[in-house]
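Its first residue numbered -14, the sequence shown is counted upward by one per residue in our numbering.
Don't be surprised by glycine CBs; every beta carbon is placed ideally from N, CA and C.
Here the structure is laid out as structure tokens; the discussion comes afterwards.
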Amino acid sequence: MASVRAALASHRIGLGDRVAIVLPDALDMAVAFLGVAAHATAAPLNPALTLAEFAFYLGDLRARAVMVKAGEPNSVREAAHRRGVPVLEISCSPMADGLNFALNGSGRAAGDTGLCSKPGAGTEVALVLHTSGTTAKPKLVPLTHQNLLSSARHIAQTLKLDPSDCCLNVMPLFHIHGLAGVLLSSLAAGASVACPPRFEAGNFFGWLEAFQPTWYSAVPTMHAALLGEARGNGEVIKRHPLRFVRSSSAALPPALMTELERVFRAPVVEAYGMTEAAHQMASNPLPPGVRKPGSVGRAAGPEIAILDGANCPLGVELVGEIAIRGPNVTPGYHQNPVANAATFTDGWFRTGDEGRMDADGYLFVTGRLKEIINRGGEKISPREVDEALREQPGVAQAVAFALRHATLGEDLAAAVVAKPGATLDEFELREALARRWPRFKVPSRIVVVGELPKGPTGKVQRIGLQDRLAEALAIAYEPPQGAAEQAVATVFAEVLRLGKFGRHDNFFASGGDSIRAVQVLVRLEAELGFLPPPTTIFRRPTPVSLARELVRLREERELESLAFALDELPPEEARKLLAPE
């Protein structure tokens, strides 16, 4: 990594300096992360964030620079310009003996960088990631070299990785799952990692053929998508068998685990992790160890305890808060004494998750004490959604809450109360949020109610809102009308494997997710003759609304084609075609 150090040093960036990394390709992100983390502090960010979000994160990080791909447009460039943060462009090209890493910048960071500082036994911060809290402002989690190396070794030992292993990485490398669960654990074992550009369920089996990996790790949503593509790829799976499949970051439904093992003919290992633990806390063992469906396994690195409200450890099968301690656990949230006081007690980090331990030491996560919604591994602060909805014209009150979901674990919904005389439309509200946020923060359902359910103290209680608002969330079945609605409803039903699909049924509330949404659009392409924009189904998730939008898009394309054809004709012939009969 000498070339990386030299490149960073040329921009006066060294130990303790935070470098935001916004790269779309996994290989570039892997190289940049490893290089920056070795000599400064890496801060990977999701390339899909909005301009406003980039501006917030760069400011909250106090980033000394932001690293982007050379020639790649991204709104982070504008955010960096507004914040006065230098933009460094990375170009990464293969060479005979490895990769060539080049770095160019639009300006140099000023000030004392600490380049002459001597490393201190792994206590330097190598990585910082944001994690959602119970308020709208996310917390900043610093992870030291010791945290990351300890976690990487824990994972490598749990999975019995060795140099013969190769992981097919399908996880984004701006999440701790991909960074520690895949990349660092493999490197710690001397194993290899294959980094395709981005996850595409349809390409997975081609990658299986090309890279011949021995395992992969993913969230349940991805596993479900791969099962949908597995039909017709049985021979590929047979030719290139996996040693195991790993699942983490969200609860894995037992039925999904069973189907994965049947299709891939390999054991599925479910693990439990979070950013503050540099990922892994517990894991089911590989065979011949016992794997218990519904359990996230035994402690796999840090110590785990179930604590009561007085911070005392609880006995077998008693439900309490899950707490951990060990070398992989963050030393504390950055400049957040309130959060640190609430989560660190007598050397234990309180996860905010509720669970129980059985007599064999297997951990079962039974719920969350915090209000954070885990939508397929993406953590969402519901209060942030509340505030955004309340900013919309005509909204008097709003509360976001979790919906049970077959593949995501949890989905996001919201209930709103209209101001006197105002009329609210679910899809208009979703559109407004979609213009400001990534898709995972936009509720799948927004229901308009006369009053929000409240508890005995008069406060709105998020927990249990799905059940209390069951009547408002229910949609009476109404058959599709017209050929366009029927075509959309048929595709929805096929992708979700449902017997029927009503014209007002919501795709995401019925079990859909981002992976299946892409499958829907690809199938509709055959009907339409063109591929609709990826955001279409997220903004119009019912047959009635999506059919109208697809008809509009098709008519728009036909008009464009006609205009192009007329431009190619001599003026006299064009006038004849347009003249009324």
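Roughly how many angstroms separate the alpha carbons of PRO127 and THR315, rounded to a whole number?
If you take the alpha carbons of PRO127 and THR315, they lie about 6 Å apart.
Could you have a look at GLY118 and say whether DSSP puts it in helix, strand or coil?
Confidence is the limiting factor: at GLY118 the pLDDT is only 45, short of 50, which leaves the residue's position unreliable, though a coordinate-based value still follows. In this structure, GLY118 counts as coil in the three-state DSSP scheme.
What residue from GLU372, VAL21, ALA327 has the CA that sits closest to ARG(-10)'s CA?
Ranking GLU372, VAL21, ALA327 by Cα distance to ARG(-10) puts VAL21 first.
Alpha helix (DSSP H) containing GLY20: first to last residue?
That run of the alpha helix (DSSP H) goes 11 to 24.
With DSSP run on the structure shown, which of helix, strand or coil describes ALA594?
Residue 594 lies beyond the range of the chain shown here (-14 to 566); nothing can be said about it.
Counting along the chain, where does the alpha helix (DSSP H) carrying GLU416 start and finish?
411 to 419 is the span of the alpha helix (DSSP H), which, as asked, contains GLU416.
What number of angstroms, rounded off, separates the C-alpha of ALA65 from the C-alpha of PRO428?
Those two C-alpha atoms are separated by around 29 Å.
Hey, quick one: how far does the beta strand (DSSP E) through GLN471 stretch, first residue to last?
Note, GLN471: premise wrong, no beta strand (DSSP E); alpha helix (DSSP H) at 467 to 481.
Measure the CB-CB distance between ALA17 and LEU30 and report whether it falls below 9 Å.
No, Cβ-Cβ distance for ALA17 and LEU30 is not below 9 Å.
Could I get the ranges of all uninterrupted alpha helix (DSSP H) runs contained in the region 317 to 364, with 4 residues as the minimum, in chain order?
Correct list: 322 to 328.
Tell me, please, whether the region 27 to 47 touches the region 416 to 423 by the rule of three or more beta-carbon pairs shorter than 8 Å.
Yes, the region 27 to 47 touches the region 416 to 423.
Please tell me whether PHE486 and SER495 are closer than 9 Å, where the distance is taken between their beta carbons.
In this structure, SER495 lies closer than 9 Å to PHE486 by Cβ.
Taking DSSP's pairing of strands, which residues face LYS54 in a bridge?
LYS54 pairs with ILE75.
If you follow the alpha helix (DSSP H) that LEU397 is in, where does it begin and where does it stop?
Note, LEU397: premise wrong, no alpha helix (DSSP H); beta strand (DSSP E) at 394 to 403.
My understanding is that VAL370 touches LYS426, with C-beta atoms under 8 Å, so please give their C-beta distance in whole angstroms.
Their Cβ separation, rounded to whole angstroms, is 7 Å, which keeps VAL370 and LYS426 in contact under 8 Å.
Can LEU348 and GLY282 be called in contact, C-beta distance under 9 Å?
Closer than 9 Å, so yes.
Quick one, which of VAL433, LEU481, GLY1, GLU463 has its alpha-carbon nearest ALA391's?
The shortest Cα separation from ALA391 among VAL433, LEU481, GLY1, GLU463 belongs to LEU481.
Would you grab the beta carbon distance between ALA571 and ASN188 for me? Rounded to a whole angstrom, and I think it's under 8 Å.
Because the chain here runs from -14 to 566, residue 571 falls outside it and cannot be looked at.
Three or more beta-carbon pairs under 8 Å between the region 443 to 456 and the region 498 to 516, yes or no?
Contact between the region 443 to 456 and the region 498 to 516 is absent, because fewer than three Cβ pairs lie under 8 Å.
For THR570, report the span of its alpha helix (DSSP H) as first-last.
The structure shown does not extend to residue 570, since the chain spans only -14 to 566, so no value can be given for it.
Tell me, please, whether the region 168 to 185 touches the region 137 to 157 by the rule of three or more beta-carbon pairs shorter than 8 Å.
Yes, the region 168 to 185 is in contact with the region 137 to 157.
Go through the region 480 to 517 residue by residue and report every complete run of the beta strand (DSSP E) that reaches 3 residues or more, in order.
Entirely contained in the region 480 to 517, not one beta strand (DSSP E) run reaches 3 residues.
Just curious, the alpha helix (DSSP H) that TYR42 is in, first and last residue?
Looking at the DSSP string, the run of the alpha helix (DSSP H) that includes TYR42 is 36 to 46.
Contact check, ALA2 vs ALA23 under 8 Å by CB: the rounded distance?
A small correction: the amino acid at residue 2 is Asp; Ala does not occupy that position in the sequence shown. So it is not a contact: roughly 13 Å between Cβ atoms.
What residues in its chain sit with their C-beta under 6 Å from that of PRO272, if we drop five residues either side in the sequence?
Cβ neighbours of PRO272 beyond the five flanking positions: PRO252.
Can you tell me whether PHE515 is buried or exposed? The criterion is at least 16 other CB atoms within 10 Å of its CB, across all chains shown.
Exposed, because fewer than 16 other Cβ atoms sit within 10 Å of the Cβ of PHE515.
Going along the chain, which unbroken runs of the beta strand (DSSP E) with 3 or more residues stay wholly within the region 156 to 211?
Listed in chain order, they are 177 to 179, 200 to 203.
Using a Cβ-Cβ cutoff of less than 6 Å, which residues in the same chain neighbour GLY96 once the five nearest sequence positions on both sides are dropped?
Confidence in GLY96 is poor, its pLDDT being 42 and thus under 50, which makes the residue's placement too unreliable to answer from.
Under the three-state reduction of DSSP, which class applies to ARG310: helix, strand or coil?
The answer is strand: DSSP assigns ARG310 an E or B state.
Taking the C-alpha atoms as reference points, what is the distance between ALA267 and LEU418?
Cα-Cα distance, rounded: 36 Å.
Start and end of the beta strand (DSSP E) containing GLN446?
Run containing GLN446: none; DSSP gives neither H nor E here.
Grab me the residues of GLU246's own chain with a C-beta within less than 7 Å of its C-beta, minus the 5 sequence neighbours each way, in chain order.
Closer than 7 Å at Cβ, skipping near neighbours: PRO252, VAL253.
Cα separation between ASP293 and ASP396?
Taking the straight line joining both Cα atoms gives about 29 Å.
Could you tell me if GLN504 is buried or exposed, where buried requires 16 or more neighbouring beta carbons within 10 angstroms of its beta carbon?
Buried, because 16 or more other Cβ atoms sit within 10 Å of the Cβ of GLN504.
Count the CB pairs spanning the region 227 to 239 and the region 297 to 312 that are closer than 8 Å, and state whether there are at least three.
Taking 8 Å as the limit for Cβ pairs, the verdict is that the region 297 to 312 does not touch the region 227 to 239.
Considering just the uninterrupted stretch of the beta strand (DSSP E) at VAL432, what are its terminal residues?
Counting along the chain, the beta strand (DSSP E) containing VAL432 begins and ends at 430 to 433.
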